[in-house]
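Asker: Numbering (full-length UniProt numbering), first residue to last: 1 to 147. My questions all concern the structure below.
Printed below as a string of structure tokens:
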């Protein structure tokens, strides 16, 4: 059953314990304090609950400041990459500046083989891929052209 773990103006974070799946729905522009608080809540959920699947709904998220991108890469990514997370589907932002920020973050990390990331434009396709058995991961870091 899906329950809300954390909610703020910029992030609603839900978790389904049975599926070990988190749903992060981002909204608008977050200042540095809001961004750090929200991403730390995401990391806390990952580490406390052993999250395996993650849906990052970035469709309504706005730009991420350069300083916040750097902080994320230095402080969040190392712990995220060492977590139990195995599959992450991202619903790509409608905001060009957010897309650029996420691309810049991804270029700065070395991704381990145990974590598969895919970008989607369609929520149903993202969820279908996310819920496939983990043995059917398919290509790493691919982008879907679905709309």
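Idealized CB from N, CA, C, for every residue including glycine.
Can we say the region 118-128 touches the region 75-85, given the rule of at least three CB pairs closer than 8 angstroms?
Answerer: As far as the Cβ criterion goes, the region 118-128 does not touch the region 75-85, which means the pair count is below three.
Asker: Can you tell me which residues form a DSSP beta bridge with residue 120?
Answerer: Translated into positions along the chain shown, residue 120 becomes position 120. 91, per the DSSP bridge assignment.
Asker: I'd like to know if the region 23-34 and the region 55-70 are in contact, where contact means that at least 3 CB-CB pairs between them fall below 8 angstroms.
Answerer: yes
Asker: Considering Cα atoms alone, identify which of 20, 1, 41 and 66 is closest to residue 10.
Answerer: If you number the chain shown from 1, residue 10 lands on position 10. For residue 10, the nearest C-alpha among the options comes from 41.
Asker: Less than 7 angstroms between C-beta atoms, sequence neighbours within five positions excluded: which residues of the same chain meet that for residue 101?
Answerer: As a first step, residue 101 must be located in the chain shown, where it is residue number 101. So the list reads 63, 64 and 69, once near-sequence residues are dropped.
Asker: Looking at the unbroken beta strand (DSSP E) that takes in residue 24, where does it start and where does it end?
Answerer: Numbered from 1 along the chain shown, position 24 holds the residue referred to as residue 24. Where residue 24 is concerned, the enclosing beta strand (DSSP E) stretches over 21-28.
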